[in-house]
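Residue numbers (the numbering used here): 29 to 318.
Okay, structure first, notes after.
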């Protein structure tokens, strides 16, 4: 391991290590980092809680799912932010999900992962780690094989791009030291008191599959596994149009089959909103937001 500690001048402090996966324990690694970087003193309690959750969740993912022999970590504290990187050369996050759930491709695996409650080890994991980690930081990036997913808190949006092939999985997480939001606030948004603090709300970025939707089969792919939730926000930003069949499958057929599930369209363009209204009258509980 190599590290440098921040002094009174708040110089950047970094610890980098190569860890064997076998017998690795994420809490033990975190505790060592916290002591060496004096995190309880230099970080606000809310930022400390956010970084601890994100780091231990992502390192645990590498330990339990990567099938790699080792992984590298890099943890940095500067005067402005806290960040970490976790890198393994295992089977790849999206490939693992696609294989376990018999999905057609890794792009579909990404969408399923971001819905929440998707895991390759349901007996040991709830499938919440990536979902919540992506939302508690200021920036979160997952890169595996040819897919790169970036979450930016300032824009409350996710961006996906194709990159050169990268073996395994690379994670990057950043949160500003001046951040005011709290971990429990993010959990409360998707696991609120009215649902007994259970993970029952989700938000799906519709554009992740494509920018134009026409068919019922596309709707069914988007809706896959969403019956696990009681409240669904469908974010239509950057979606140019939807067909009658697609809209009918989502807002009438699925809704009638699952009357206990609320669907909230968000950021719908006028053409998309018109089609939604065409297939289903808008009610106060499901009013689309633009």
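Heads up, the beta-carbon is just placed ideally off N, CA and C, and yes, glycines get one too.
These figures come from a predicted structure and were not determined experimentally.
Taking Cβ to Cβ, would you say residue i is nearer than 8 Å to residue j?
i	j	result
residue 75	residue 205	yes
residue 199	residue 135	no
residue 264	residue 293	yes
residue 227	residue 111	no
residue 267	residue 241	yes
residue 296	residue 304	yes
residue 87	residue 114	yes
residue 116	residue 137	no
residue 77	residue 236	no
residue 164	residue 82	yes
residue 272	residue 307	yes
residue 259	residue 161	no
residue 105	residue 131	no
residue 230	residue 187	no
residue 79	residue 203	yes
residue 262	residue 232	yes
Buried or exposed: where does residue i fall if 16 or more other Cβ atoms within 10 Å of its Cβ makes it buried?
i	result
residue 68	exposed
residue 284	exposed
residue 55	exposed
residue 108	exposed
residue 140	buried
residue 302	exposed
residue 152	For residue 152, the predicted structure reports a pLDDT of 48, less than 50, and the residue's modelled location is therefore unreliable. A value from the coordinates is still provided. Exposed: under 16 other Cβ atoms inside 10 Å.
residue 184	exposed
residue 181	buried
residue 246	buried
residue 225	exposed
residue 40	exposed
residue 118	buried
residue 189	exposed
residue 172	buried
residue 243	exposed
residue 43	buried
residue 144	buried
residue 217	exposed
Across which residues does DSSP place residue i in a beta bridge pair?
i	result
residue 200	113 and 169
residue 52	For residue 52, which the question treats as bridged, DSSP gives no partner whatsoever.
residue 102	44 and 113
residue 177	170 and 188
residue 194	173
Any heavy atom of the ligand FMN within a distance shorter than 7 Å of the CB on residue i?
i	result
residue 122	Questions concerning the ligand FMN fall outside what the structure shown contains, since it holds no ligand whatsoever.
Does any C-beta atom of chain D lie closer than 8 Å to the C-beta of residue i?
i	result
residue 136	Included in the structure is just one protein chain, with no chain D present.
Three CB pairs or more closer than 8 Å across the region 190-198 and the region 271-291 | no
Contact between the region 95-102 and the region 40-50: three or more CB pairs below 8 Å?
-> yes
Are the region 158-174 and the region 251-266 touching by the rule of at least three beta carbon pairs closer than 8 Å?
-> no
For the region 114-132 against the region 213-222, are there 3 or more C-beta pairs whose distance is under 8 Å?
-> no
Which whole runs of the alpha helix (DSSP H) in the region 222-293 are 4 residues long or more, in chain order?
-> 244-251 and 272-276
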